[in-house]
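**Student:**
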Amino acid sequence: MQTHYKKRHKNKKFTHAGVCVKKIIDSISHDGDIFKEICMYWAAIGDDVNMNSEPISFKNNILTVKVSSSPWIQQLQFMKSEIKNLLNHSIGNNIIKEIRFRLG
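Numbering (the working numbering), first residue to last: 14 to 117.
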């Protein structure tokens, strides 16, 4: 019994692995720089908010915030749109698309 294999066509759009790795590192670095700015502007939101919450990550335009208690999560949910607008305005563009709060 003989198996016939189809000849594979060469991919003409080959991307070197080094280029892929550089793109990944650049995107991580860019998110890291934005996260530093977010943390800096988070303090401007207010002392009570600052004492009960803190940004913990920024990935894929989603800001994740650690919150001290369930009542504070609820309070921040009410303020979510205002916080997002304030941070985006402070940073200078609409980079934050969503804010997620988690108990921590």
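Just so you know, even glycine gets a beta-carbon here, dropped at the ideal spot from N, CA and C. Bear in mind that the values here come from a model prediction, so they are computed numbers and not experimental data.
#1: Check whether the Cβ atoms of K79 and G117 sit closer than 7 Å, and answer yes or no.
#2: Apply the 10 Å Cβ neighbour rule to S66 and answer buried if 16 or more other Cβ atoms are within range, or exposed otherwise.
#3: With a Cβ-Cβ cutoff of 7 Å, do F71 and I86 count as a contact?
#4: Nearest-angstrom Cα distance between R113 and S103?
#5: Could you spell out where the alpha helix (DSSP H) holding I104 opens and where it closes?
#6: Give every residue of the same chain whose Cβ lies closer than 7 Å to the Cβ of I75, excluding the five residues on either side of it in the sequence, and list them in chain order.
**Tutor:** Quick look at the numbers:
#1: Counted from its first residue, the sequence shown places residue 79 at position 66. Counted from its first residue, the sequence shown places residue 117 at position 104. Yes, these two residues count as a Cβ contact at 7 Å.
#2: Within the sequence shown, numbered from 1, the residue matching residue 66 stands at position 53. It counts as buried.
#3: Locating residue 71 in the sequence shown gives position 58, counting from the first residue. Locating residue 86 in the sequence shown gives position 73, counting from the first residue. Against a cut-off of 7 Å, the Cβ pair of I86 and F71 comes out as no contact.
#4: Along the sequence shown, one-based indexing puts residue 113 at 100. Along the sequence shown, one-based indexing puts residue 103 at 90. R113 and S103: Cα-Cα distance of roughly 19 Å.
#5: The count along the sequence shown starts at 1 and reaches residue 104 at position 91. Element bounds for I104: 83-104.
#6: Taking the first residue of the sequence shown as position 1, residue 75 is located at position 62. Only K110, E111, R113 meet the Cβ criterion.
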